[in-house]
Each structure stands twice: as C-alpha cells, then as structure tokens.
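**Student:**
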Amino acid sequence: MTFFRQCCILMLVALSTVVAQVDSTGIQLLAERKYQQAQSFFESALQKNKNDAEAHYYLAIALVRQGRVDDAEDEIDEAIDLNEHVAKYHLLRGEILGQQAMNANVVSQAFLAPKIKNAFLRASELDPSNIEARIALYNYYIMAPGIMGGSEGKAIEQLNIIERLDAFRGSMVRASYYLRKKDSLNAESAFKKALALRPERAAGYKQLGYFYLNQKRFTEAYLQMKKYVELEPNNPDSHDSYADVLKADGKYVQAIEKYLLAISIDKNFSASIFSLAECYEKKKMNTKAKETYQWFLTVEPNGRRSETAKKKIKEL
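This is how it looks when you write it as structure tokens:
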C-alpha cells in the first residue's frame, strides 16, 4: 500500500469521528452516509448565505465522500478563505490533497506532499490539543519518504504529544508504530494497555481484533470482535468487523449472515455490501455475487473498490 493511500485511509477514519460528534440535520445525513442528501442540504444553505464557512466545510466532506475530491478542494478552500483560523478546515484540506495524490503521477505527488504536510502543521498550530491533527501529522512523518519530508524522529515527537494529550489514543498509535516496525509483541502490549486504560472504548477491541486476524489467531480475534459487538450492537461496523474474521477463517455462510445484519442496520454500509459480494463469489454463487457488486456500485460509484467491482461484474 502506498504512503498516500495509507495516510488517506487513516484520515478517513478520523473524519468519521468528527462527523459523528456533530448534531444537526445536514451533519446527521453525513453520519448516516447519505452523502448526496447532505450535499443538497449544504448547497441550499450556501444559496442563502455564501459566506457560511461551516457549510462550505461540510459540503466538502459530502463531496469527498462521493469521490469528488477536486470539487471538495474548492469548497474547503472557500471555507479557509472565509476563516483561516479553524484547525479542522486545514485538517480536511490535508486529507483532500492526500486523496488527490493517490491518483497522481510521481511529479504531482512530490508537488502535493509539502502542501499536505503544511495543512496538518497548520491544523496543529491552530489547535495544539487537536488529537486528529496530531495523528495526521504523525502518520505523514512516519509514512512519507524522507525526500517528501518524512522523519521518524518528528513522528516520535508527535506520538509523544498524542500520548500526553490522550493516553488511550496514544497507546493505539504506539501500537501502530510497533506494527510498522514488525514488532508484534510490543504492538499487542500497546493495544492491551489502551484497553486497560479505557475498557469502554470499542475501537480498542476492534483494532486488537484485526491485529489477531492478520496473525490468523482467529479464536482471539473472535473474542475481541464479540466485545466490539457487545459495546456497539447498533453499529453496522461492529458486525462487519466480526464478519471479516469469519470470512478470513473461511466461514463464508456465517460471514454472509453477519454482513447482512450490518446492512440491515445501515443499507448504505458499502464495506459490508462489497464483502458480501466476495463471500457469494467464494461460495460460487456467481449470480448473487454479480448482483451484489452491482448494488455496491449504486452506493459507492467511485474509488478503488468500485473499480474492482466493475471488473468483477465483467468476469462473473
């Protein structure tokens, strides 16, 4: 996985947290993954007041979630022009630029890299206690090649700050650092430390579960994902994560049931739809697999997985 793709995946996770913490009609639509409806909501708000920086910001989120990164860049730039002193605007700009870099050539990536780093730096300067900005900056430093400003020393500086700001999040990032170093023993210890600090935080069980899954320690992975489901039974992602273990363990029938459960909670939960299609394919249920890939494209028409789905539809 490339540096830019890794960064963007991590930043999208952070963005999901931000969206879920805000309560209003338009932002609730974002939290429910109703991105086109959210787009219409914020476009209407801007017709009434084109100088609403927050509306530009959330419209940018709706657009980037639909894969319209160039349009999203225009909107976040508008928000920054209206109010340059908001950390989350610069954080989102960094994510958008990172997504642009994923599909750019090497020359363009080299041009975009310092802009991405500077966006995260500015977010951290404006709000030094912003965990998401610190994590984004850590990820940039640890993943970027040296020629693009990567630095393990600077990454560790950010990691130490994150640990001081939030011991739980810091331990989670520390675990990812050890994983990058292929130090599984210390990574597992860091995950367990995070859970000991905040046993009510579902994210810890999820990440430890995937850690075990990647090591094919399925019994332990099931246990962690079960705890995730128990803490968040109405979250489609908890059931999706449990299903991922079943799929990796070759238990496709049970995985299908779990993915369908996740989709029953959120019919637009694209990760489960895509994985459901994969399970049907594994079970040689080609008609169902093809139909499910087609369904997936109605929910997520753009992006890497959508390209895979299109290829699968032609093959099946």
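For the sequence shown, the residue numbers in our numbering are 1110 to 1425. Yeah, the Cβ is synthetic: ideal placement off N, Cα and C, and Gly gets one too.
Starting from V1215, trace the alpha helix (DSSP H) both ways and give me its first and last residue.
**Tutor:** Per DSSP, the unbroken alpha helix (DSSP H) holding V1215 starts and ends at 1215 to 1235.
**Student:** Tell me which same chain residues have a C-beta within less than 8 Å of the C-beta of F1405, skipping the five on either side of it?
**Tutor:** S1379, I1382, F1383, A1386, R1414, S1415, A1418
**Student:** Taking the CB atoms as reference points, tell me whether Y1351 and V1338 lie closer together than 8 Å.
**Tutor:** Contact flag set, yes.
**Student:** Among H1199, Y1314, N1214, whose alpha-carbon lies nearest the alpha-carbon of F1277?
**Tutor:** Y1314
**Student:** Where does S1415 fall in DSSP's three states?
**Tutor:** helix
**Student:** Which residues in the same chain have their Cβ closer than 7 Å to the Cβ of K1336, if we skip the five residues on either side of it in sequence?
**Tutor:** Y1314
**Student:** When you compare only the Cα positions, how much space is there between H1194 and K1420?
**Tutor:** 44 Å
**Student:** Can you check which of these residues, V1216, A1219, F1220, E1241, is closest to F1229 by C-alpha distance?
**Tutor:** That would be E1241, whose Cα lies nearest to the Cα of F1229.
**Student:** Between which residues of its own chain and E1341 is the CB-CB distance below 6 Å, once the five residues before and five after are set aside?
**Tutor:** Taking E1341 as the centre and dropping the five residues before and after it, the same chain places the C-beta of A1311, S1347 closer than 6 Å to its C-beta, in chain order.
**Student:** Hey, A1196 and A1169: beta-carbon distance below 8 Å or not?
**Tutor:** no
**Student:** Tell me the rounded alpha-carbon separation between D1349 and N1269.
**Tutor:** For the pair D1349 and N1269, the Cα-to-Cα distance works out to about 32 Å.
**Student:** By how many angstroms is the C-alpha of S1153 removed from the C-alpha of V1354?
**Tutor:** 42 Å
**Student:** Residues in its own chain within less than 7 Å of D1236 by CB, not counting five upstream and five downstream?
**Tutor:** A1196, A1242
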